[in-house]
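These notes are about the structure you will find just below.
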Amino acid sequence: MDNHDQPQPNAEQVANISEALKRCKQSFLTAGFLSLFINILVLTPMIYMMQIYDRVMSSSSVSTLTMLTVLLVFLLSVMGALEWVRSQILVVTSNRLDQLLNTRIFDAMFTSASISAGRNATAQPLSDLLQLRQFLTGQGLFAFFDAPWLPLNIAVMWWFHWSYGVVALISAFILMGLNLWTELGTRDLLKRANDESMESSQQTQRNLRNVEVIDAMGMLPRLRTRWQRKQNAMLTHQGKASGKAGLITALSKLYRMVIQSLILGLGAYLAIGKEISPGAMIAGSMLLGRALAPLDLLIGSWKGFIGARDAYGRLEKLLNAVPLREPPMPLPPPTGQIRLENVSIIPPGSQKPIIAGVNLQIAAGQQVAVIGPSAAGKSTLIRAMLGLYKPSTGSVRLDGAEISQWDRMMLGNHIGYLPQDVELLDGSISENIARFGRVEPDKVVAAARLAGIHEMLLRLSEGYDTVIQGQGRVLSAGQRQRLGLARALYGSPRIILLDEPNSNLDQEGEEALAQALANLRKQGCTVVMVTHRPSILNQVDNIALMREGQLLAYGPPNEVAQALQRNVPPAPASAPVTAPARSTNVTAHTGTVRVL
353 MDNHDQPQPN AEQVANISEA LKRCKQSFLT AGFLSLFINI LVLTPMIYMM QIYDRVMSSS
413 SVSTLTMLTV LLVFLLSVMG ALEWVRSQIL VVTSNRLDQL LNTRIFDAMF TSASISAGRN
473 ATAQPLSDLL QLRQFLTGQG LFAFFDAPWL PLNIAVMWWF HWSYGVVALI SAFILMGLNL
533 WTELGTRDLL KRANDESMES SQQTQRNLRN VEVIDAMGML PRLRTRWQRK QNAMLTHQGK
593 ASGKAGLITA LSKLYRMVIQ SLILGLGAYL AIGKEISPGA MIAGSMLLGR ALAPLDLLIG
653 SWKGFIGARD AYGRLEKLLN AVPLREPPMP LPPPTGQIRL ENVSIIPPGS QKPIIAGVNL
713 QIAAGQQVAV IGPSAAGKST LIRAMLGLYK PSTGSVRLDG AEISQWDRMM LGNHIGYLPQ
773 DVELLDGSIS ENIARFGRVE PDKVVAAARL AGIHEMLLRL SEGYDTVIQG QGRVLSAGQR
833 QRLGLARALY GSPRIILLDE PNSNLDQEGE EALAQALANL RKQGCTVVMV THRPSILNQV
893 DNIALMREGQ LLAYGPPNEV AQALQRNVPP APASAPVTAP ARSTNVTAHT GTVRVL
């Protein structure tokens, strides 16, 4: 597979959300600057009303009324245009933010899932990015832009009369107090509700992958009960939060209605005393409503703000946990030499090493079988060679270089991997084999022939164009495994790592696998495979015997078999055996090379 087949990374991707927001800083400042003029122009209807009451009505001047009306329409049109420009700026900014972050978050999501061996696999980060982007284009954000200009409105009211200013100032503090009450009263409840919802969704997603087992053994009612418990807990927390938020919102609206009526009464009292004009009496009430509107909108949109803030926190935590790294200097294509030096692996979520102090050297072109009982660390050893697990001690080297020094995208072109649980991706069979790069028919067919499935694929209704969805249920377990083998062999990689490649194979599949291993030997590929089947051990150069995370024996099959038969203690793991030439006299010992 050529490098030009791979999608190029986004040149603009950033390390974290803070950096992305800094790049969008100018757009937010522009939107805030426009908000100043919008909030000034909002005063236009109040000033127009004052002029009608104080000038037009007293002078009965139609020309003055006409001039004021034309000016009003013009200024309100300018205000509408500015609001449209501001909204478009925020839409463009939210799209820009998405473009800066989507590739970074997508890669970090998969890297995090890989580090945790799939235990933390979730698409929640993409939902968080969507929620954050929607908040940036919603009405709630406008309240944050308009609220800082509250002092301007209060100053105008103070200009009308000092008592108007006092009422506006007190009202602002009361509504800000209600905002603070909303924050303190709902923050923990909403966080618990979101956590319960996410956990319930992830658990359901995992259960759906085992729907056949659940249905066959009647487990659905019990799983539904567990789901309902989480759902009820989520609804309880959310209900309490919504109840508090609803109460505060109701109090806020009630206070606004009462204070606007009272300030109208205050204006009438002041107008009777000739302290303000009748126009100022009406305008003061309208201006107070306008001044308090952003604060009221903040209370109403607080739930959306909390959700966006939580999404921001989760995304920032994810991106900090998976830091952005510059691609390492390209290295020459690997020849296939693998060396493990005193490697210990402590997987995520565990405190005890699964493999400890393993020393192992595999020459380029050799074929090695890893055997041992369950939980011996065989699959972990394979993942360490792939660089999926970072050693807690020691190092994994490929052609002498630490596995972390290789560019993963480039290295992936030279590695074939067949996991124990074969997962096929949504797409055609040809796309799956070609690893979703550019489909080159010759290479796809060559990989299928090498895996022994070319004829089988031709018998499908649409052949190589058959579309796979939902983990490839259209294929049997054996067919999926052989298709996964074809994917691993695509592009003639130099290193092949197979985890239980024959666990679901029938006799025909076993023969195809044996033929594939023989062809890989001719091509000089390095092959490391985990297996429980003695039949395949005749073909390998060396056997690595694992038990309880330690390498107990390593060498040619007949020597390992004889050591086990004589019950001779193996060489210590700190002294790896360099494999001699492959022995072909294994038949007499295959029965003794067994999983302990």
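Each residue of the sequence shown is one higher than the one before, counting from 353 in the working numbering. Note that the Cβ used here is the ideal one computed from N, Cα and C, for glycine as well.
{"Item": "Touching by the beta-carbon criterion (3+ pairs, under 8 Å), the segment 490-501 and the segment 650-662", "Value": "yes"}
{"Item": "Residues near Ile785 in its chain [Cβ-Cβ closer than 6 Å; skip 5 each side]", "Value": "Val796, Ala799, Ala838, Arg839, Tyr842"}
{"Item": "Val395 to Glu627 span [Cα, whole Å]", "Value": "One point to set straight first is that residue 395 is Leu, not Val, in the sequence displayed. Answer to the nearest angstrom: the Cα atoms are 21 Å apart."}
{"Item": "Reference Ser370; option with closest CA among Thr418, Pro908, Ser613, Arg666", "Value": "Arg666"}
{"Item": "Residue range of the alpha helix (DSSP H) that includes Ala716", "Value": "Careful: Ala716 lies outside any alpha helix (DSSP H) and carries neither H nor E."}
{"Item": "Thr455, DSSP secondary structure in three states", "Value": "helix"}
{"Item": "Close Cβ partners of Leu770 (< 7 Å) along its chain, the five nearest in sequence each way excluded", "Value": "Gly836, Leu837, Ala840, Leu850, Asp851, Pro853"}
{"Item": "Leu644 to Ala524 span [Cα, whole Å]", "Value": "7 Å"}
{"Item": "Inter-residue spacing [alpha-carbon to alpha-carbon] between Phe788 and Leu777", "Value": "9 Å"}
{"Item": "Distance between Met808 and Glu828 (C-alpha atoms, nearest Å)", "Value": "The question names Glu, but residue 828 in the sequence shown is Ser. Cα to Cα, the separation comes out at about 12 Å."}
{"Item": "C-alpha distance - Pro743 paired with Pro705, whole-angstrom precision", "Value": "10 Å"}
{"Item": "Spatial distance of Ser549 from Met586 (CA atoms)", "Value": "6 Å"}
{"Item": "Supposed contact pair Leu671 and Arg456 - C-beta distance, whole angstroms, cut 8 Å", "Value": "7 Å"}
{"Item": "Secondary structure, alpha helix (DSSP H): runs of 4+ residues fully inside the segment 400-449", "Value": "none"}
{"Item": "For Leu770, the first and last residue of its enclosing alpha helix (DSSP H)", "Value": "Unbroken run through Leu770 is the beta strand (DSSP E), 767-770; no alpha helix (DSSP H)."}
{"Item": "Whole-Å CB distance - Ala673 paired with Ser464, under 8 Å assumed", "Value": "6 Å"}
{"Item": "Close beta carbons around Ile522, own chain, < 7 Å, minus the five adjacent residues each side", "Value": "none"}
{"Item": "Close Cβ partners of Ala602 (< 7 Å) along its chain, the five nearest in sequence each way excluded", "Value": "none"}
{"Item": "Supposed close pair Asp893, Val720 - CB separation, criterion 8 Å", "Value": "7 Å"}
{"Item": "Residues sharing a beta bridge with Met898, DSSP", "Value": "Leu903"}
{"Item": "Through-space distance from Pro909 to Asn890, alpha-carbon basis", "Value": "7 Å"}
{"Item": "Gly529, enclosing beta strand (DSSP E) - first and last residue", "Value": "Gly529 -> not in any beta strand (DSSP E); alpha helix (DSSP H) instead, spanning 514-560."}
{"Item": "Spatial neighbours of Gln378 in its chain, beta-carbon cut-off 7 Å, leaving aside the 5 residues before and after", "Value": "none"}
{"Item": "8 Å Cβ cutoff met for Ile707 and Gly729", "Value": "yes"}
{"Item": "DSSP-derived helix/strand/coil call for Asp893", "Value": "coil"}
{"Item": "Cut-off 7 Å between Cβ atoms - residues of its own chain near Arg407, not counting five sequence neighbours on either side", "Value": "Thr416"}
{"Item": "Inter-residue spacing [alpha-carbon to alpha-carbon] between Thr588 and Leu618", "Value": "44 Å"}
{"Item": "Cβ-Cβ distance between Phe512 and Gly636 below 8 Å", "Value": "yes"}
{"Item": "Secondary structure of Leu850, DSSP reduced to three states", "Value": "strand"}
{"Item": "Contact belief for Leu381 with Leu442 at Cβ below 8 Å, rounded distance in angstroms", "Value": "Not confirmed; about 12 Å, so no contact."}
{"Item": "Run of the beta strand (DSSP E) containing Met681, from where it starts to where it stops", "Value": "Per DSSP, Met681 belongs to no beta strand (DSSP E) and is neither H nor E."}
{"Item": "Classification of Asn447 by the beta-carbon crowding that lies within 10 angstroms, buried from 16 upward", "Value": "exposed"}
{"Item": "Check whether Gln403 and Leu427 have beta carbons under 8 Å apart", "Value": "no"}
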